[in-house]
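J.: Questions regarding the structure given below will be posed in turn.
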Amino acid sequence: MNKTIRRASVFVLLLVFALLVRATWVQFYDGKALADDKDNRRKAIATYAAPLGNIIVAGRSITGSARTNGSDLAYKRTYTDGKLYAAVTGYASQSYAPTQLEGIYQDLLNGTDTGLKTAMDTVTGKRADPGNVVTTIDPDVQKAAYQALGDKKGAAVAIDPSTGRILAVVSTPSYDPSSLTHADTAGAAWKRLNADPDKPLTNRALRQPLPPGSTFKLVVAAAALEDGLYSSVDQRTDSPDPYTLPGTTRGLSNENPNAPCKNASIRVALRYSCNNVFGKMAVDLGQDKVRAMAEKFGFDDDRQEVPVRAYPSVYPKGMDQAQTALSGIGQFDVTATPLQMAMVSAALADDGKLVSPHMVAQITDSGGDVLKNYDDSAGTRRIVSSSTAEQLQSAMRTVVEQGTGTNARIPGATVGGKTGTAQHGENNSKTPYAWFTSYAKSDTGGKAVAVAVMVEQSDAARSEVSGNGLAAPVARAMMRAALQR
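8 is the number of the first residue of the sequence shown in the numbering used here; add one for each residue after it.
Here it is, written out as structure tokens:
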């Protein structure tokens with residue numbers, strides 16, 4: 008073979024090799040990317056070729072699948088009590104990416120999760136039968152929250168303090184996920200829901216942090232007791248009334264000018280929600296110590312998952328002393344979700360320990376065999392000492408029994424709470440947010456629950472907006488339902 012033929016042969020072999028490499032690349036890399044592309048119609052056809060797995064509440068499926076007509080997508084997702092559970096389930100749509108539990112467990116629910124495959128499925132390439140998601144949601148607590156919120160714009164969360172199980176997640180106004188499931192109708196529903204100024208698609212319980220107002224005073228009080236700034240909730244504080252914000256001539260006054268807030272103890276200051284006490288307390292502690300305590304409770308955690316990723320609640324940095332004082336009453340740039348404030352009450356109710364909150368108990372295969380259990384005690388951490396927790400529980404009981412939270416009282420139960428009314432808007436021009444966070448313990452059955460309620464907007468006159476007036480009745484309904492479960 009002469010040199011020219013030999014070189015030509017080598018060149019042809021290299022071309023063949025390059026073609027083989029490219030074909031292999033397209034088949035095993037580009038092919039997977041194309042198959043997984045969100046715009047690939049075949050992926051949607053495969054997803055909806057058979058019924059999806061279900062999301063389960065108290066042994067009952069709150070999702071289903073229905074046969075479609077005249078479409079290459081054979082099935083569509085359906086929902087039972089869709090508006091009631093929308094903040095839990097999210098939606099699975101033929102047109103849009105799934106959200107909430109539908110999104111997190113998408114592969115499990117459509118059968119593509121590798122954990123579902125049997126040996127035969129692996130050999131044949133057959134899609135496995137879909138699995139199910141078993142939640143921790145208590146339908147009675149969920150309904151109590153949804154009905155009590157009614158036409159108010161707001162949110163509520165309930166947690167079992169000893170297990171971290173989330174018993175309710177409600178956001179109002181809600182929406183019906185069924186309106187987004189079918190490709191023929193989803194587009195119009197999507198436009199309508201996104202154009203709604205009340206933002207029904209926003210999960211206010213987990214994903215809309217707002218100023219928590221005076222409910223944040225529990226965090227400041229915990230920091231003061233843990234730091235030793237005050238030895239007990241009944242020790243008198245050094246708190247002039249009004250308290251002049253450092254570096255300003257502005258006095259930090261109280262909603263009730265006749266309240267005994269001058270040098271009030273933590274118990275009295277929580278009972279009457281004394282701004283002067285907690286504003287000065289935050290300055291005396293310093294923002295770093297307040298932030299450290301807030302972060303113990305879960306603030307500034309951008310990886311809080313339940314398993315839905317919650318937006319982080321924030322305690323700000325780089326404040327001057329006047330801003331630090333305002334942060335001590337849950338204002339300035341402090342923000343929190345209802346989930347976060349429920350976590351504060353849960354930790355105080357459970358002897359100072361916080362169990363990581365979660366709303367999925369287990370995932371199963373199509374036959375009900377458990378693929379994964381979510382341990383109720385996983386992630387438990389001590390937030391404050393038993394002594395601090397016990398003292399703040401006692402002070403919170405005073406708030407409900409004698410103070411600003413009387414609308415949360417429940418016969419046959421020990422209830423503690425803290426109200427909040429958070430100002431917002433330029434020069435506090437907009438309607439305040441009404442907050443209430445609390446715990447309740449049955450006097451006979453040993454059951455306990457922690458809740459947080461936020462009412463962003465209602466029909467009440469501005470002068471009537473208060474945590475006790477708007478949020479505490481919702482909390483009471485939820486706590487009563489939880490203690491009766």
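All C-beta atoms, glycine included, are put in the ideal place defined by N, C-alpha and C.
If contacts are defined as beta-carbon pairs under 8 angstroms, then Ala447 and Ala420 qualify, I think. What distance do you get, rounded to the angstrom?
T.: Right, the Cβ-Cβ distance comes to about 5 angstroms (below 8 angstroms), so this counts as a contact.
J.: Which residues bound the beta strand (DSSP E) around Glu463?
T.: Counting along the chain, the beta strand (DSSP E) containing Glu463 begins and ends at 455-464.
J.: Compute the minimum distance between the beta carbon of Arg134 and the heavy atoms of the ligand FMN, and state whether it is under 6 angstroms.
T.: The ligand content of the structure shown is nil, which means the ligand FMN is not present either.
J.: If you draw a straight line from the alpha carbon of Val367 to that of Leu490, how long is it in whole angstroms?
T.: Distance between the alpha carbons of Val367 and Leu490: 20 angstroms.
J.: Determine the burial state of Thr344: buried for a count of at least 16 other Cβ atoms within 10 Å of its Cβ, exposed for fewer.
T.: The residue in question, Thr344, is buried, as its Cβ has 16 or more Cβ neighbours within 10 Å.
J.: Which first and last residues belong to the alpha helix (DSSP H) in which Ser394 is found?
T.: Run containing Ser394: 393-409, per the alpha helix (DSSP H) assignment.
J.: Just the C-alpha distance for Pro168 and Ala478, rounded to the nearest angstrom, thanks.
T.: Computed Cα separation, rounded: 20 angstroms.
J.: Rounded to whole angstroms, how far is the Cβ of Ala402 from the Cβ of Arg243, which I believe are closer than 8 angstroms?
T.: That belief does not hold up - the Cβ atoms of Ala402 and Arg243 are roughly 14 angstroms apart, past 8 angstroms.
J.: Please state whether the Cβ-Cβ distance between Thr444 and Met348 is less than 7 angstroms.
T.: Yes.
J.: Quick check: what's the CA-CA separation for Ala196 versus Leu115?
T.: Those two C-alpha atoms are separated by around 26 angstroms.
J.: Taking Asn210 as the reference, give the member of Ala332, Val164, Gly220 with the closest Cα.
T.: Of Ala332, Val164, Gly220, the residue nearest in Cα terms is Val164.
J.: Apart from the five residues just before and just after Lys90, which ones in its own chain have a Cβ nearer than 6 angstroms to its Cβ?
T.: Excluding positions up to five away in sequence, the list reads Ser181, Asp183.
J.: Considering only the alpha carbon of each residue, which of Thr85, Thr106, Gln113, Tyr250 lies closest to Arg74?
T.: Residue Thr85 is the option with its Cα nearest to Arg74.
J.: Where does Phe339 sit, in a helix, a strand or coil, going by DSSP?
T.: Coil at Phe339, not helix or strand.
J.: Quick check: the Cα distance between Met486 and Ala152, rounded to an integer number of angstroms?
T.: The straight-line gap from Cα to Cα measures roughly 9 angstroms.
J.: Among residues of its own chain, excluding the 5 on either side of Lys103, which ones have a beta-carbon nearer than 6 angstroms to its beta-carbon?
T.: Going by the sequence as given, residue 103 is Tyr instead of Lys. Within the same chain, Tyr103 has no close Cβ partners at all.
J.: Tell me the rounded alpha-carbon separation between Leu355 and Val315.
T.: Approximately 24 angstroms, taken between the alpha carbons.
J.: Can you tell me whether Arg84 is helix, strand or coil according to DSSP?
T.: Here Arg84 sits in strand by DSSP.
J.: Going straight from the alpha carbon of Pro247 to that of Lys287, what length do you get?
T.: For Pro247 and Lys287, the distance between alpha carbons rounds to 9 angstroms.
J.: Compare the beta carbon distance of Val227 and Gly335 with 7 angstroms and say whether it is the shorter of the two.
T.: Yes.
J.: So if DSSP puts Leu217 in a beta bridge, which residue, or which two residues, is it bridged to?
T.: For Leu217, which the question treats as bridged, DSSP gives the partners Ala343.
J.: Per the contact definition of three or more C-beta pairs closer than 8 angstroms, is the region 382-393 in contact with the region 221-240?
T.: With the cut-off at 8 angstroms, the region 221-240 and the region 382-393 touch.
J.: With 16 other CB atoms within 10 Å as the buried threshold, where does Lys324 fall?
T.: Exposed, because fewer than 16 other Cβ atoms sit within 10 Å of the Cβ of Lys324.
J.: Per DSSP, what kind of secondary structure is Ser260 in: helix, strand or coil?
T.: Coil at Ser260, not helix or strand.
J.: Need the endpoints of the alpha helix (DSSP H) that Tyr92 sits in, please.
T.: Segment 89-96, the alpha helix (DSSP H) holding Tyr92.
J.: Three or more C-beta pairs under 8 angstroms: does that hold for the region 378-385 against the region 452-462?
T.: With the cut-off at 8 angstroms, the region 378-385 and the region 452-462 do not touch.
J.: Under 6 angstroms Cβ to Cβ from Asn414, same chain only, skipping five residues before and after it: list those, please.
T.: Once the five neighbours on either side are set aside, the close Cβ partners of Asn414 are Asn475, Ala479, Pro480.
J.: Could you spell out where the beta strand (DSSP E) holding Ile62 opens and where it closes?
T.: Here the beta strand (DSSP E) through Ile62 covers 62-64.
J.: Suppose you measure from the CA of Thr106 to the CA of Asn283; what does that come to, to the nearest Å?
T.: Rounded to the nearest angstrom, the two C-alpha atoms are 43 angstroms apart.
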